[in-house]
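Just below is one structure, and these are the notes that go with it.
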Ligand SMILES: Cc1ncc(COP(=O)(O)O)c(C=O)c1O
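In full-length UniProt numbering, the protein residues as written are 1 to 401.
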């Protein structure tokens, strides 16, 4: 195996610490390790004296508010949003989709349809399922075939006059197959169907561009993007702001209120009730700045080369691959072996991979599988990580035989 070295690995102290304790991190699709730039920003924010945002006139309050709003501008730039009012800070992808499932509730009448793919993460299924139950809507699913693939080219055949919303991920956390969704979104727009992108995995491996994607809403999580936990982005297309009703009420999100009534602010503050995760937003901005400084072509080439090594090694061992992965992660099973047993034996050897159904239970029901072991890659991985994984896999298979 050719030895591929990540030029960014040394910037991640957590990787070094994990290696020193005998752990190999191949679970970045669950959460990513953090670069020093983000850790420095977090510490600096707390060390310089904290203040709440958007409410105080004092100098620390102004400084925190400025940094917070600069983070919003940077997030807008990173997503290529037309302006920073389109960016709502959330807790993460899950909260972003829950927010939408409430904020857009007024757009549906009983009998209307919501269309999802059959491979969605629970975060992009359950909020819509619950909305459908509350308002007597139909949840329609783009079917996954026996190989775990979806014919995206024919997905628009599932649109009809009752379809109001399409929510889909360009990169599944189980299948690792990249889908180009722009043509589908163009067809949706032509039929006034609202489009929601679950970008939790996609944003990590491709530079998201909401104007190019031409979607109405885009959500992602900072913690998978090498940033802190507890922060995410929700992008809302300017034309769709008027569709959204506030979903949480409280401090700093109203224009005016009396004991009996309240008038909410417009985006974004009308959707950020209460004190936000200030330190994490600011540290996330530092992470995005760091990500923007990287050579994206080099990052993608490195990840792809590692992916090929992973794919080849699994094929040589006749592992059963779930779907037709082409990007960043592979889920697989060993013949006649339960994925939980395999994941356990790998974990015991210090290989951090994930076994189970990866918050996509209906997908595994569809595929008739009890689960799978998932290996996921990030820009800090080296070939040495993949070699350590294969050594451990060979040993585990020997034990199981
Ligand atoms: C495709 C996808 N969507 C949504 C989520 C939920 O993200 P979070 O837990 O950060 O809200 C995940 C997390 O694994 C994911 O992979």
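Even glycine gets a Cβ: it sits at the ideal position worked out from N, Cα and C.
Any non-hydrogen atom of ligand 2 closer than 7 Å to residue i Cβ
| i | result |
| --- | --- |
| residue 101 | Of the ligands this structure carries, namely ligand 1, none is ligand 2. |
Residue environment, residue i, which counts as buried when at least 16 other CB atoms sit within 10 Å
| i | result |
| --- | --- |
| residue 277 | buried |
| residue 156 | buried |
| residue 116 | buried |
| residue 220 | buried |
| residue 233 | buried |
| residue 66 | exposed |
| residue 8 | buried |
| residue 120 | buried |
| residue 35 | buried |
| residue 237 | buried |
| residue 62 | exposed |
| residue 308 | exposed |
Beta-carbon gap between residue i and residue j smaller than 8 Å
| i | j | result |
| --- | --- | --- |
| residue 139 | residue 114 | yes |
| residue 254 | residue 245 | no |
| residue 118 | residue 137 | no |
| residue 211 | residue 82 | yes |
| residue 411 | residue 330 | Residue 411 lies beyond the range of the chain shown here (1 to 401); nothing can be said about it. |
| residue 216 | residue 191 | no |
| residue 333 | residue 392 | no |
| residue 6 | residue 382 | yes |
| residue 144 | residue 366 | yes |
| residue 183 | residue 79 | no |
| residue 231 | residue 218 | no |
| residue 111 | residue 162 | yes |
| residue 339 | residue 355 | yes |
| residue 50 | residue 37 | no |
| residue 224 | residue 200 | yes |
Residue i versus residue j: straight-line alpha-carbon distance, rounded
| i | j | result |
| --- | --- | --- |
| residue 127 | residue 401 | 42 Å |
| residue 92 | residue 41 | 20 Å |
| residue 14 | residue 33 | 6 Å |
| residue 275 | residue 171 | 32 Å |
| residue 272 | residue 325 | 37 Å |
| residue 103 | residue 2 | 50 Å |
| residue 376 | residue 353 | 7 Å |
| residue 284 | residue 105 | 30 Å |
| residue 298 | residue 384 | 19 Å |
| residue 205 | residue 268 | 27 Å |
| residue 107 | residue 256 | 25 Å |
| residue 243 | residue 74 | 25 Å |
| residue 178 | residue 347 | 28 Å |
| residue 282 | residue 99 | 22 Å |
| residue 16 | residue 351 | 14 Å |
| residue 52 | residue 312 | 51 Å |
| residue 368 | residue 25 | 28 Å |
| residue 88 | residue 251 | 16 Å |
| residue 327 | residue 280 | 28 Å |
| residue 228 | residue 386 | 26 Å |
| residue 159 | residue 123 | 22 Å |
| residue 58 | residue 133 | 47 Å |
| residue 380 | residue 286 | 18 Å |
| residue 203 | residue 390 | 28 Å |
| residue 109 | residue 363 | 28 Å |
| residue 259 | residue 90 | 28 Å |
Run of the beta strand (DSSP E) containing residue i, from where it starts to where it stops
| i | result |
| --- | --- |
| residue 113 | 113-117 |
| residue 263 | 262-264 |
| residue 198 | 194-198 |
| residue 138 | 138-142 |
| residue 374 | 372-376 |
| residue 329 | 329-333 |
| residue 210 | Unbroken run through residue 210 is the alpha helix (DSSP H), 210-213; no beta strand (DSSP E). |
| residue 233 | 232-236 |
| residue 406 | Any answer about residue 406 is impossible in this case: the structure gives the chain only from 1 up to 401. |
| residue 89 | 87-90 |
| residue 356 | 354-356 |
| residue 254 | 254-257 |
Continuous alpha helix (DSSP H) stretch holding residue i: start and end
| i | result |
| --- | --- |
| residue 347 | 339-348 |
| residue 189 | 182-190 |
| residue 164 | Segment 163-168 is the beta strand (DSSP E) holding residue 164; no alpha helix (DSSP H) there. |
| residue 202 | 202-205 |
| residue 65 | 59-79 |
| residue 101 | 93-103 |
| residue 280 | 278-293 |
| residue 386 | 383-400 |
| residue 313 | 296-316 |
| residue 46 | 36-47 |
| residue 14 | 13-20 |
| residue 126 | 126-135 |
| residue 367 | 361-367 |
Below-8 Å beta-carbon distance, residue i vs any chain C residue
| i | result |
| --- | --- |
| residue 230 | In the structure shown, chain C does not exist; there is a single protein chain. |
**Residues surrounding ligand 1 [beta-carbon distance to nearest heavy atom under 5 Å]** = Chain-ordered list of matching residues: 92, 93, 94, 121, 123, 169, 173, 198, 200, 201, 221.
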